[in-house]
Each structure stands twice: as C-alpha cells, then as structure tokens.
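Asker: Chains as they are written, first to last, in our numbering: chain A, 505 to 800; chain B, 36 to 294; chain C, 58 to 305; chain D, 58 to 305; chain E, 102 to 386.
Each residue gets a CB set at the ideal place from its N, CA and C atoms; glycine is no exception.
All values derive from a computational prediction rather than experimental measurement.
I'd like to ask you about the structure that follows.
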Amino acid sequence: MQYKKRIFIDTVAKHTFKLTGYLVLALLGGIFGMLLYNAISFFAEVRPIDFLTDREWNPTANEPIYGILPLIISTSLVSFGAMLIAIPLGIGTAAFISEYASPRLKNILKPLVEMLAAIPSVVIGFLGIVLVGPQIAEFANLPNGLNALNGSILLAIMALPTIITISEDAIHSIPKTYREASYALGASKWQTLLKVTIPAAAPGIIAAVMLGLGRAIGETMTVLMATGNASLFPSDFFDSVKTITATIAIEMGEVPYQTTHYFALFAIAIVLFFMTLIANLIGEYFINRFRKYHAA
Amino acid sequence: HTIKMKGSDTEVNLAVNLAEEFSKENSDFSIAISGGGSGLGITSLLNGQADIANSSRPLTEEEIHLFEGKNIKLKTIVFAEDATAFVVHKDNPLDEIDLKTLAKVLDGNQKTWNEITELNLPINIYGRQSSSGTYSFVRKKLGIAFSQSAKEMTGNAQILEGIKIDKSGIGYVGAGYIAANAGANQGIKVLKIKENNTSESISPLDQQAIRDNKYFFQRPLFQFVPEKSWAKVEPFINFEMASEGRKLIEASGYYVLDK
Amino acid sequence: MINNLSAKNLNVWFGEKHVLKNVDVEFPKNQVTALIGPSGCGKSTLLRSFNRMHDLSPDAKIEGTLTIDDLNLYQKDIPVTDIRKRIGMVFQKANPFPKSIQENIAYGLRINNLSYNQSYIQKALEEAFLWDEVKNDLKMPATRLSGGQQQRLCIARAVALRPEVILMDEPCSALDPVSTLKIEELIHKLKEKYTIVIVTHNMQQAQRVADKTIFMYLGEVKEEGKTYDIFNNPVNEITKNYISGHFG
Amino acid sequence: MINNLSAKNLNVWFGEKHVLKNVDVEFPKNQVTALIGPSGCGKSTLLRSFNRMHDLSPDAKIEGTLTIDDLNLYQKDIPVTDIRKRIGMVFQKANPFPKSIQENIAYGLRINNLSYNQSYIQKALEEAFLWDEVKNDLKMPATRLSGGQQQRLCIARAVALRPEVILMDEPCSALDPVSTLKIEELIHKLKEKYTIVIVTHNMQQAQRVADKTIFMYLGEVKEEGKTYDIFNNPVNEITKNYISGHFG
Amino acid sequence: MQLKFKKLTPIVEWGTLLLTTGLVCFFLFVILYDIITKGWSVLSWEFISKLPTQGMTKGGVLSPIIGTVLLTLLTAVFSIPFGICCAIYLNEYAQNNWLTRTIRASIRNLSGVPSIIYGLFGLALFVQAMSLGTSILSAGLTLGLLSLPYIITTTEEALLRIPASTREAALAVGATKFESIKDVVLPSALPGILTGVVLTLSRAAGETAPILFTGAAFYINSASGAMNQEFMALPYHLYMLSTQHQSIEEVRPIAYGTALVLIIVVFLMNLTAFYIRYKYRKNDQ
Ligand SMILES: Nc1ncnc2c1ncn2[C@@H]1O[C@H](COP(=O)(O)OP(=O)(O)OP(=O)(O)O)[C@@H](O)[C@H]1O
Ligand SMILES: Nc1ncnc2c1ncn2[C@@H]1O[C@H](COP(=O)(O)OP(=O)(O)OP(=O)(O)O)[C@@H](O)[C@H]1O
Ligand SMILES: [Mg+2]
Ligand SMILES: [Mg+2]
Ligand SMILES: O=P([O-])([O-])[O-]
C-alpha cells in the first residue's frame with residue numbers, strides 16, 4: 505500500500521514537471537506568438553514596404569507615418585558607437601586579465617567586472633543625465649549632451665562586462681602549446697598575444713562581441729534617458745536620436761489598445777526582437793564553434 | 036479605496052501635492068499617480084487602467100468617438116487654469132515673441148536665431164513627446180506641425196533642464212513649473228507673447244492678465260472621470276474644489292478662475 | 058668535439074621543489090644528443106632551461122651557467138627573443154598555429170623582422186621533407202594536416218629561423234611508427250647543419266638517432282656518453298635497470 | 058549449492074549496440090562471485106541488469122530471464138524499488154549522499170518505510186567496520202570522510218536495508234592499498250550473510266576474495282568456475298591470455 | 102637607439118593593456134564614486150524609513166523600497182518554482198532529442214530578448230488579456246517571466262554538475278526517481294541553484310523597462326501592498342526623479358540617494374550569491 509502511494513507521488517511528480525516544462529515553453533513561445541500576432545495586425549493596416557522605406561516615424565501626425573528607418577538607423581548608430589568603445593576596451597581588459605595579471609590581481613579584477621555588470625541600467629542612465637551628458641556638452645562645446653554619443657558611452661559600459669567575461673574565457677582556454685610554440689620562435693609576449701592567442705581565440709571573442717552587441721541593441725533605460733529622443737534621421741554622434749527601445753517605452757503608455765499605433769509598436773518590437781536574436785544566434789554559433797574546435 | 040490617476044505631466048506634481056494633503060485627512064484612500072502626458076491619461080481611461088485622467092487639453096473628436104464606442108460615459112472637471120510658458124536661456128537677448136515668429140521657430144522654418152535677434156546660434160527646440168497635452172495644445176493654437184528635429188522630452192522638467200544650459204534652446208512648459216519654484220529656475224527666461232506686431236505683450240506669469248483671459252496660450256486643466264469610478268473619487272474631487280484644494284493649486288503656480 | 062651548448066652547475070626549483078640538481082651537461086655541435094630517464098626526472102625542465110621557457114613560470118627559480126658559444130643565455134642585456142631565435146624548439150604534441158601552412162612558416166620570420174619570400178618558405182619545408190606533400194596546399198589550414206605532417210611542419214617552422222640548436226621534447230611520442238621513422242630520418246639530415254637535443258622515452262629511438270645519450274634520474278645526470286656505450290656498457294646500476302626496461 | 062541469483066539467456070542492447078550476448082550466469086548464495094574481463098566487455102552492464110539500473114537509460118533494451126529465488130526481476134507487477142532494496146549495490150566511486158553520516162544510513166530505511174533507531178544505524182556501521190572510526194562524528198557530512206571510509210559507508214548503507222545480494226562494481230579501484238585490504242576483509246565477513254557479486258580488474262583481488270569467478274569477453278561469458286580453477290587451469294585460450302596479463 | 106626602443110616597446114605594449122583595464126576600472130570607480138559621494142549625505146534612517154512628502158521633495162524612499170521588495174518577492178514566487186521544475190524536467194526527465202535541444206536553444210536565446218519586449222508582453226497578456234490591470238501583480242508576473250530563462254539555465258547548469266553516481270546511489274537503496282531528485286539531487290545542486298536565483302532576482306530588482314507600463318507609478322500616497330494596486334519601485338523612482346519631477350534640481354540629492362539605495366540592494370544580493378558560491382566551493386574541497 506505504502507508503495508503504491510510512493511509510486512503515485514512519483515508519477516504525479518513526473519507529470520507535474522512535464523507540465524511545468526510545457527507551460528514554461530508555452531509562455532515563452534507565447535511571447536513570440538503575441539509579438540507576431542500583433543505585428544501581423546499592423547501589417548494588415550500598413551504596407552510593409554512603407555514601414556520599411558518611409559523616412560519618418562510620426563504616428564500622431566494627422567496622416568500617421570510609420571517609417572521604421574530612422575529608428576533602426578538610430579539604434580544602429582548608438583550600438584555601433586558603443587561597440588567602437590567597448591570592443592577595444594573589452595578585449596584589452598580580457599587580455600590583460602588572462603595574460604598579464606597576477607592571480608591576486610585577477611581575483612580583484614574579476615569581481616570588479618561582475619560589479620559593473622550588476623549596476624542597474626537606470627542608474628547608468630541617470631549618470632548619463634547628470635554626469636556624462638554635461639561632460640560631453642562641455643567637451644564638445646555643445647548646448648547639451650543628450651545625444652547619440654552619450655548613449656554610446658553608456659551602452660559601452662553596459663556591454664563591457666559581457667564582452668570581457670566571454671573574451672576572457674576564450675583567451676584563457678587557448679592551449680598553452682600555442683603560446684609556447686610562438687615563444688619558441690622568438691616572439692615576444694605581445695606578439696604572441698596579438699598574432700597567435702587572439703586570432704586563435706577569435707571565434708570566442710566574436711561571440712563575446714555579438715552578445716555584447718545584443719545587449720546594447722536591446723537596452724532601454726539608458727538610451728531613453730540619455731539620447732534626447734529626437735525622431736529625425738541622425739547625421740552624426742552629436743545628434744539626438746530615438747532608438748527602437750526608447751520609442752516603445754515612450755509611446756506604449758499612450759496608445760489605446762488595439763489601434764494601428766498600438767500594433768505598430770509591436771511591429772517595431774518584432775524588428776528589435778530579430779535584431780537581438782540574430783546577434784545572439786551569431787554569438788552562439790561562434791561559441792559552439794569555439795568549443796568544438798578546442799574540445800578536439 | 037484605491038484610485039488610479041494618470042495623465043498630464045503638467046498636472047502631475049499638483050496632483051501629488053493634492054493627494055498628499057488629501058490623505059492626511061482620509062487615510063483609507065490609496066491614490067496612485069502617474070504622469071506621462073495627457074494622452075496617456077485619456078488612453079488609460081479607454082483601456083480601463085485609470086479612475087481619473089488628468090489632461091491639459093480637451094478630448095479630441097476621435098477620442099470622444101472612442102469613448103462612445105466603448106460605452107464609457109465621462110464626467111469632465113475643470114479644476115484649474117494653466118498658462119503655457121515659452122522659455123529660452125537667460126542669456127538669450129529675446130524678451131518677447133509674436134505668434135508668427137514663434138510658429139516659424141517651432142515648425143522648423145526658422146533655423147537660426149540671428150534672424151530674430153542678435154544671437155548667432157542655431158535654434159534648438161525642446162518639445163514634448165506626442166502624448167503630451169501641451170504638445171497638441173501648442174500645435175493646435177499655432178496651427179503648425181512641429182519640426183522633426185525637436186527633441187521629445189518626457190516631461191516639463193526635462194525641458195527646463197535642457198534650456199538652462201542650452202543658450203540656443205527654446206521650449207514650452209506649464210506655468211506651474213516656473214512659478215512654483217522661481218528660485219530654481221534662474222537659468223531661464225520666460226518670453227512674453229504678442230499676438231501680432233501691434234498688440235500688447237503678455238507674460239504667462241501675469242496673474243491679472245490670466246484672470247482677464249488675455250494670455251494667448253492659457254488653457255483649462257481638465258480631469259476626466261468615468262462614471263463608474265465617480266463614487267469612489269468624488270471625495271477627492273470635492274477636496275480639490277474646496278478652498279483648501281484651491282489654495283494648494285495656487286501655491287503650486289496654477290490659477291483658479293472663478294466661473 | 059666542439060661544445061656549442063652547455064650547462065654548468067644548473068639548479069632549478071619550482072616553488073619549493075628542487076627539480077634539477079647540479080646538472081652539468083654539454084651538447085656537442087652538429088650531433089644529436091638524447092636525453093633519457095624516467096618520467097618526472099627533469100628532462101623537459103632541462104631542455105626548456107636552454108631557450109628560457111621557464112621565464113614564463115613565475116615560480117621557477119634557475120641558478121647556474123648556461124651558455125651557447127660562450128654567451129651566457131641568462132645575461133641581463135640580451136633579449137630573450139634573440140636566444141629563442143638561436144635555439145629553436147619542437148614540442149611533444151605538434152602545435153601548429155591555427156593558420157595556413159605558409160603562415161606557420163612565415164610567422165617566425167615576420168615577427169623577427171627577417172625578410173623572406175616564397176622560396177624561403179619552400180626551402181624550410183623541403184628541409185623538413187614536407188614540401189612535396191604540401192606544395193599544392195600552402196594556403197590550407199595547418200590543422201588539417203596529419204599528426205606526422207604537423208610535427209614536420211613544426212620542425213620546418215623552427216628550421217626556417219636558421220637556429221643553431223633545435224631542442225625536441227619527445228617529438229614522436231604522439232605519432233604512428235611510419236611518421237616516427239620519417240622524423241628520425243629528418244633528424245639524421247638536420248644534424249648536418251644543426252645541433253640537436255632530443256628527449257625520448259623510446260630506447261630504440263635513442264639508439265637509432267643519437268650520437269650521445271644522457272641519462273637523468275630524479276633531477277640529476279646519472280650517466281652520459283656515446284650512445285653505444287650507454288646502451289651496451291652502462292656503468293651505473295640505475296642506468297642498467299632503466300634501459301633494460303625494469304622501471305620508468 | 059543453492060542458486061540465489063541468476064540470468065538466463067540475457068541479451069542487452071544500447072541502441073544498436075549488442076552489449077550482452079546470450080549470457081547465462083548463476084551467483085550462488087552466500088558466496089562471493091567475481092566478474093572479470095577486459096574493459097568494455099559488459100561486466101558493469103551485467104551487474105546493473107540485476108538491480109534494474111538500466112530502467113533509466115531509455116535506449117537500453119533487455120531480453121532474457123533474470124531471477125532471484127525464482128522471482129522474475131522484470132515482472133511487471135513487482136515494484137522496482139523492492140528489487141533494488143533486495144539487491145543492494147556499491148559503486149566504483151564512493152557516492153555518499155551529501156548528508157551526515159547518520160543520514161546516509163537512515164535514508165534508505167526511511168524511504169522504504171522501515172522503522173529504525175540509533176542502534177540500527179550503529180549495527181550497519183559496525184557491519185561495515187566503520188563504527189569505531191565515526192561513532193563520535195555521526196552528524197558530520199559524509200563527504201568529509203576519506204575515500205576508503207566513504208566506500209565503507211556506502212557498503213553500510215547498502216547493508217542497512219538487509220538486502221539478499223550486494224553487487225559491487227570495482228569497489229576498490231579508487232582506493233589506496235590499505236583501504237582496499239580493509240574492504241576485502243569486510244567482503245569476507247559479509248558473505249556469511251549476503252550473496253556478493255564483485256566486478257574487479259585486479260586479478261590478485263579476485264583470487265583473494267572470490268569463491269567463484271566468471272570471465273567475460275566482448276559481451277559473452279567465456280568461462281566460469283571455482284576461482285582457483287579459473288586462475289590455475291583456465292580452459293579457454295583467451296582466459297589464459299587475460300589472466301596472465303597479456304591484454305586488457 | 103634600436104636597443105632603447107626595444108626596451109621601451111614592452112612597456113608601451115603592456116601599458117596599452119593596462120590602460121584599457123584601467124579605463125574599465127575607472128568607469129566603475131566614477132560610477133560608484135559619484136553616486137556614493139553624492140548619495141551618502143542623503144542616506145539616513147529617516148531616508149529609508151519615511152514616505153516621500155511635499156511633492157516628493159522631502160522625506161524618504163520607503164514606498165519605493167517596499168515596492169521593490171514586494172515586486173522582487175512576487176518575481177521569486179512566479180519564477181522560481183516554474184523555473185526549477187522546468188529545469189528538472191529538461192535535465193532529469195526529457196530525453197535528449199531534437200525537441201529538447203530546440204527547447205534548450207530557445208530558452209537560452211530568450212535570455213537575450215530585450216527586457217522592454219517582456220514589458221510589452223506583460224502589458225498584452227497580464228494587464229490586458231487577463232484583466233489584472235496595471236498593478237504590482239502584473240509587474241511581478243512580467244518580471245517573473247523575464248527571470249524564467251535565467252533560472253532555468255542556471256538550475257540546469259547546477260543539475261548537470263551532479264554526477265550520475267549520486268542519482269544512482271539513491272536509486273540503489275530503493276528510492277523512486279522523484280525521491281532521488283527531491284532527497285539527493287536537489288540538495289546537492291542547491292548552492293548552485295541558489296546562486297543563480299539570487300543573481301537573477303538582483304537583476305530583476307534593478308529592471309525598469311518591464312514595469313514601465315505594467316504597474317509602476319510616479320507616486321502613491323501609501324504603501325499598502327495590495328496586489329491590484331500600482332506601486333513605486335526604486336529604479337522607476339530614480340527614473341522619475343531624474344526626468345519627470347517638477348523640480349529636478351531640487352530633488353537631485355534624493356535621486357542620488359535613491360540610486361545609492363538601489364545599488365546597495367543589488368550589491369547585497371550579489372554579495373549573497375558570491376558568499377553562497379564561495380562557501381559551496383570551500384565545502385566541496
Ligand atoms: N611549471 C611547473 N611547476 C611546478 N612543477 C613543475 C613544473 N614543471 C615541471 N614540474 C615538476 O618538475 C619535475 C620534472 O618535470 P619534467 O617535466 O622536467 O619531467 P620529465 O622528465 O620531462 O618527465 P616526462 O617524461 O613525464 O615528460 C616533475 O616533478 C614536475 O612535476
Ligand atoms: N548507457 C550506455 N549507452 C550506450 N552504451 C553503453 C552504455 N553503457 C555502457 N555502454 C557500452 O556497453 C559496453 C559495455 O560497457 P560496460 O560498462 O558494461 O563495460 P565494463 O566491462 O564494465 O568495462 P569497464 O571495465 O571499463 O568498466 C561498452 O562498449 C560501453 O561503451
Ligand atoms: Mg617531459
Ligand atoms: Mg564497468
Ligand atoms: O503632460 P501634458 O500636460 O503636456 O499632457
């Protein structure tokens with residue numbers, strides 16, 4: 505009898521686990537389904553070609569215009585700038601931590617990087633307003649610092665921990681034999697790092713960069729607070745820009761449910777979804793390649 | 036009782052002050068207040084996410100339609116009067132501006148200051164996001180579309196922040212934002228408005244002129260309440276309209292017009 | 058017999074561990090010297106002392122005099138990279154760079170600022186008996202070569218720098234018998250130009266390739282001499298036991 | 058000789074791989090039977106078939122008749138947990154639960170709804186010759202014990218359930234010689250009460266502990282018999298080669 | 102000349118790396134320095150124990166603190182059981198076929214989906230479709246969803262580290278599969294799971310975008326904690342104080358104080374995670 509009870513519990517547990525497993529999947533799948541459903545509703549009302557080619561995003565005009573181009577350009581500009589800053593700093597730091605730092609220094613630096621990762625994005629955005637913005641304004645002699653450059657700097661800070669940790673892992677896992685081979689040929693430590701270790705770790709580093717980029721593209725609060733949100737076509741880093749994430753954050757609250765504008769926000773969200781997904785998939789592809797390569 | 040109040044950024048601080056005072060007497064009321072712009076408030080009513088919508092503009096035709104479509108009946112309360120102020124940096128030589136010039140500045144036809152005044156800088160517009168009542172109020176009053184290069188600030192305060200350090204900036208905010216704490220707003224200058232070249236220029240801070248309904252950009256501040264929420268919000272509305280509430284409204288830099 | 062490479066009174070510690078104890082060795086020019094001894098006796102450590110590979114381990118401590126042609130290898134003012142250029146090294150597990158075959162050879166030349174051209178690369182590959190097998194695939198990733206080819210590529214890579222000495226740490230232990238034989242042939246040829254030191258666990262190999270053999274045990278040199286003598290008339294009891302395969 | 062545990066015509070596949078082929082074996086009561094054979098021949102697979110550990114691998118397919126006292130182990134209506142209670146198992150690597158020593162013993166009793174008290178736990182530990190070493194630390198995490206102690210704890214854990222059979226899969230391979238000897242002594246004692254099957258790679262150990270020995274090769278039983286006979290007069294050529302250490 | 106240059110280059114090269122590392126540390130230092138120096142003076146018992154008063158220009162941040170704590174608890178309630186159960190399903194029960202692999206890959210990729218998209222989903226599903234309104238419940242559910250992929254991934258990693266022999270040990274003494282998971286596998290994996298959970302919750306506590314339109318409010322006059330009520334939260338409060346308050350300059354000290362409190366909360370949670378990890382490693386040896 506006792507045994508039957510135990511077996512019963514076991515079976516119930518098994519099915520419960522299975523059920524939660526599927527439920528979680530359904531929910532997570534639902535996110536995509538919901539995005540897709542609402543986005544399709546949007547394209548029932550606005551031609552996809554207009555969506556992709558119109559040069560203006562102005563949903564509240566008398567003749568609403570839903571052109572995602574300026575938003576994509578803005579998002580790309582800010583993220584590109586962020587990568588310009590974060591890639592050299594990130595890889596340099598990763599190389600320093602893995603190749604040069606003494607074990608003790610490593611034990612200090614790694615937690616520092618994790619601390620940087622832990623800082624909430626709204627705090628970084630806040631500093632963009634009170635600290636980085638005014639500095640940029642003063643430096644570049646601009647009226648204000650709420651522009652793409654500000655966003656790029658802040659996003660670089662947010663992407664750095666990702667880039668550093670994953671690159672460091674990649675560089676660290678390059679077998680010692682590569683380095684020794686290079687040293688044995690008379691290469692210096694620096695030459696070895698630059699010409700052997702980093703190229704060998706390249707897939708891992710590319711993965712790090714792509715995952716960092718995904719993070720930057722999808723970041724909301726920092727850009728919302730620090731980039732000025734002007735929905736025109738940006739021409740350089742000193743222009744105010746309005747990214748996809750910021751557009752959603754600003755406009756979502758004000759739209760009546762189930763209107764074209766509401767659906768439009770889901771449509772740009774799905775574009776955002778795919779942008780980050782592609783970055784992450786490329787990142788994952790390279791991580792797997794790296795693992796496979798070095799497992800062999 | 037829980038009350039959700041959403042909408043106009045122009046009114047949000049006033050609403051906070053009122054709610055704070057109100058709950059001293061009525062501790063069983065839980066009031067949640069959010070800004071985000073008049074449009075957000077009205078939309079929230081439509082979406083069923085608010086009991087009171089603060090709005091610095093009347094409902095549009097379209098919105099009335101939407102409410103009718105959803106069979107939501109609204110009560111409209113005008114509880115204060117606001118004047119929209121146009122502000123520039125304190126070093127801007129400009130003191131007053133006429134409507135025609137203002138329109139050209141805001142719609143982007145006028146790109147530099149030196150055509151208006153002896154300031155050799157481009158014009159930098161600090162506007163609001165599209166859900167803002169002030170945004171649509173100014174747009175309607177001037178009959179323009181805002182320049183695409185106007186920044187969309189999410190609140191009045193951010194506009195003032197921007198103007199304070201931007202010698203080339205111009206922006207618009209509710210009077211309450213300037214009058215309530217004059218001390219903190221030293222970096223800015225409030226422009227007087229002339230309806231045309233010949234008429235008198237009037238400041239939005241001129242109480243008498245507002246009472247006489249002479250300022251071009253003055254407007255009532257609304258609160259919309261769906262009928263089904265009326266019972267629970269009535270004590271609060273009554274508090275606003277009573278003398279204590281009125282005092283607070285005026286202390287916050289807005290005006291109370293006698294009807 | 059000219060002494061090209063030698064160590065006098067060499068002591069090496071890793072942390073607290075005394076790994077090489079008063080080692081005196083000489084590696085005659087244009088000869089192959091084999092280092093044999095049980096695992097952990099310090100063969101690799103000795104080999105790596107000569108091209109200063111221990112510089113990289115912070116806990117390694119080295120005392121004694123190591124010289125090449127009367128030049129002290131640990132002299133302060135000569136760059137370690139120069140030393141490593143003069144004393145090439147081939148490792149146990151073939152470790153080509155994850156680059157093309159051609160790039161593998163060119164790498165060492167380039168970082169040492171030596172001008173080179175295609176014929177130079179060809180010559181290095183020829184010296185390593187690899188040219189015929191790869192001449193049509195110079196742009197192929199080196200990692201696609203077989204294990205034996207990879208090892209010969211590593212030798213070509215070392216040879217390309219025209220070193221004076223080539224140190225080999227068990228270069229054949231990961232290879233099949235056919236590849237091993239090829240490498241041994243190669244060693245025979247190479248000694249015409251280079252001084253070669255080879256660590257090996259394979260007694261047959263030592264006898265096949267080495268002119269001189271040094272037997273090490275627990276960090277000390279127990280016996281050294283002509284290969285034939287060591288294997289046929291070992292003086293030391295331990296040497297005798299070791300070469301007859303009783304331990305190690 | 059009473060046959061307690063036996064397999065008839067047992068075949069096991071993992072996916073496409075035929076791992077046990079027509080195996081017929083019998084493990085006599087209150088004796089120690091050793092399973093020997095080269096790595097990969099299926100010793101562990103055979104052992105694990107008896108306490109139905111393969112139930113967990115979805116790709117395992119089992120055919121044949123396995124019985125304990127004429128009870129079919131794979132009969133549908135008897136609970137697998139009962140079988141595992143009757144047939145205890147000790148693994149190659151000691152795997153105590155991450156709990157206290159006491160809890161390690163008590164766990165099996167508790168989940169099987171057997172009433173127990175402190176003296177019960179003491180008895181199990183005494184049977185495994187562990188009591189004296191741990192009696193003052195019963196609340197200590199079992200992971201802090203030495204490897205040998207951990208393995209004896211695992212035996213005590215199995216013994217506590219009063220199984221009829223104890224299966225041991227290379228129980229000493231991770232232990233030092235002293236601990237190994239202790240376990241062997243223990244096995245000697247345990248066979249008075251239990252039927253024991255032990256997989257071992259160590260020929261000396263098999264000879265020391267086993268009454269009967271079964272030699273397996275490539276999934277088949279090649280030879281079985283009294284331990285003394287297998288080691289001194291093997292019939293099969295392969296057995297002879299294996300026990301003389303020529304392969305495996 | 103040649104020699105001198107050679108001696109100099111390593112310093113230059115080493116310096117480059119040191120500079121990049123230094124810059125990264127400098128960023129962190131500036132962030133912490135600015136917030137700590139300017140937030141420290143505001144920080145007091147009053148500040149964390151008082152409701153905001155006088156139009157949020159005076160008083161403390163009690164209501165945002167309560168909101169954040171409640172929200173994090175809700176997140177925990179919604180994400181931990183589901184996340185752990187799902188991970189157990191994937192790791193202990195599901196067969197390793199293409200479906201499981203696809204599921205794993207999707208879950209991994211979902212942790213890269215921007216948080217604002219979770220906000221949208223929360224709005225559409227919880228606020229709208231399930232009629233929960235803008236409320237702490239909706240926001241908690243949204244954050245719970247956002248945290249799920251992280252919890253699943255870290256739990257799975259922790260479960261993977263438990264060797265098969267541990268599971269077999271339990272089965273061999275007659276435990277059912279569920280008993281082996283409950284009594285042996287989960288307790289062994291607990292430190293790893295806990296570390297992941299705490300780190301995930303600390304992330305959720307600092308999130309702003311997902312609560313923007315699911316229930317965060319500019320101001321509430323009480324901190325009742327009712328599930329259907331809107332709420333104030335530290336990150337949102339900081340956002341409001343720095344962009345939308347009437348007197349941004351006057352409340353800047355409060356904004357700094359809020360930022361400092363938020364950082365302290367998040368760092369404390371991270372420290373807890375480090376501590377668990379550290380203790381676990383020590384016990385392991
Ligand atoms: N980097 C190091 N740090 C600490 N100890 C080391 C290091 N390298 C080698 N050792 C120790 O020094 C001793 C000699 O090692 P070495 O590698 O020279 O032996 P070997 O003779 O080459 O052995 P094998 O034949 O196994 O390659 C060994 O005990 C080894 O553990
Ligand atoms: N779960 C499994 N899935 C697939 N193949 C398996 C599995 N377990 C064992 N095998 C295969 O079955 C064969 C027999 O394995 P088994 O573990 O029984 O050998 P063994 O005799 O115990 O070897 P060893 O002495 O190395 O422990 C091997 O070829 C092994 O690869
Ligand atoms: Mg060696
Ligand atoms: Mg086995
Ligand atoms: O915030 P508004 O008052 O402009 O709607």
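#1: Quick check on Arg202(E): buried or exposed, where buried means 16 or more other Cβ atoms within 10 Å of its Cβ?
#2: Answer with buried or exposed for Met231(E), where buried requires no fewer than 16 other C-beta atoms within 10 angstroms of its C-beta.
#3: For Gly197(B), would you say it is in contact with chain A, using Cβ-to-Cβ distances shorter than 8 Å as the test?
#4: Does the beta-carbon distance from Glu230(B) to Phe259(B) come in below 8 Å?
#5: Please specify which runs of the alpha helix (DSSP H), each continuous and at least 4 residues long, are wholly inside the region 735-786 of chain A, giving them in chain order.
#6: Could you tell me which residues DSSP pairs with Glu116(B) in its beta bridges?
#7: Round the Cβ separation of Thr284(D) and Lys269(D) to the nearest angstrom and send it over; I've been treating them as touching at under 8 Å.
#8: Are the C-beta atoms of Trp561(A) and some chain E residue less than 8 Å apart?
#9: Would you check if there are 3 or more beta carbon pairs closer than 8 Å linking the region 542-554 of chain A to the region 766-774 of chain A?
#10: Expressed to the nearest angstrom, what Euclidean distance is found between the alpha-carbon atoms of Lys680(A) and Pro703(A)?
#11: Taking only the alpha-carbon atoms, compute the straight-line gap between Leu528(A) and Cys187(E) and give it to the nearest angstrom.
#12: Hey, Ala517(A) and Val582(A) are a contact pair by Cβ (cut 8 Å); roughly how many whole angstroms apart?
#13: Taking the DSSP output, what are the residues bridged to Ala117(D)?
#14: Ignore the nearest five residues each way along the sequence and tell me which others in Val268(B)'s own chain have a CB closer than 7 Å to its CB.
#15: Going by beta-carbon coordinates alone, are Lys186(B) and Ser606(A) separated by less than 8 Å?
#16: May I ask you to report which of helix, strand or coil DSSP gives Pro363(C)?
#17: Taking 5 Å as the limit, name every residue whose beta carbon sits nearer than that to some heavy atom of ligand 2, in sequence order.
#18: Leaving out five residues before and five after Asn654(A) in sequence, what residues of the same chain have Cβ atoms less than 6 Å from its Cβ?
#19: Against chain E, with Cβ distances strictly below 8 Å, would Thr579(A) count as a contact?
#20: Is Gly156(E) buried or exposed, if buried means 16 or more other CB atoms sit within 10 Å of its CB?
#21: What does DSSP give as the partner residue(s) for Pro198(C) in the beta ladder?
#22: Which same chain residues end up closer than 8 Å to Ser157(C) when comparing Cβ atoms and leaving out the 5 residues on each side of it in sequence?
#23: Does Glu221(C) get closer than 8 Å to chain A when you measure Cβ to Cβ?
#24: Please name the residue or residues paired with Ile321(E) in a DSSP beta bridge.
#25: Strictly under 8 Å for the Cβ-Cβ distance: is Asn48(B) near chain E by that measure?
#26: Going by C-alpha to C-alpha distance, which of Leu646(A), Ala691(A), Tyr570(A), Leu588(A) sits closest to Val137(C)?
#27: What does Pro115(D) reach in chain E if we use C-beta pairs closer than 7 Å?
#28: Kindly indicate which residue of Val214(E), Val298(E), Glu193(E) has the alpha-carbon position closest to the one of Leu261(E).
#29: Since Glu758(A) meets chain B, which of its residues come closer than 7 Å, beta carbon to beta carbon?
#30: Please list the terminal residues of the continuous alpha helix (DSSP H) segment that includes Gly282(D).
#31: What does DSSP give as the partner residues of Met619(A) in its beta bridges?
#32: When you compare the CB of Glu269(E) with every CB in chain D, is at least one pair closer than 8 Å?
#33: Going along chain E, which residues have a C-beta under 9 Å from Lys105(B)?
#34: I need the straight-line Cα distance from Leu785(A) to Phe71(C), nearest angstrom please.
#35: So, Ser58(B) versus Asn322(E), is the Cβ gap smaller than 8 Å?
#36: For Gln347(E), decide whether its Cβ has a neighbour in chain A, counting only Cβ atoms nearer than 8 Å.
Answerer: In short:
#1: exposed
#2: exposed
#3: yes
#4: no
#5: 748-755
#6: Pro255(B), Tyr290(B)
#7: 6 Å
#8: no
#9: yes
#10: 14 Å
#11: Per the sequence shown, residue 528(A) should be read as Val rather than Leu. Rounded to whole angstroms, Val528(A) to Cys187(E) spans 7 Å at the Cα level.
#12: Actually they do not touch by this definition, with Cβ atoms about 48 Å apart.
#13: Phe71(D)
#14: Ile38, Asp86, Ile87, Val260
#15: no
#16: With chain C running from 58 to 305 in the structure shown, residue 363(C) is simply not present.
#17: Phe71(D), Val76(D), Ser96(D), Gly97(D), Cys98(D), Gly99(D), Lys100(D), Ser101(D), Thr102(D), Ser114(D)
#18: Gly632, Val636, Gly637, Ile640, Ala730
#19: no
#20: buried
#21: Ser157(C)
#22: Leu195, Lys196, Met197, Pro198, Ala199
#23: no
#24: Ala67(B)
#25: yes
#26: Ala691(A)
#27: Gln196
#28: Glu193(E)
#29: Gly71, Gly72, Gly74, Leu75, Thr78, Ser166
#30: Unbroken run through Gly282(D) is the beta strand (DSSP E), 277-283; no alpha helix (DSSP H).
#31: Beta-bridge pairing links Met619(A) to no other residue.
#32: yes
#33: Simply none; closest approach about 14 Å.
#34: 45 Å
#35: yes
#36: no
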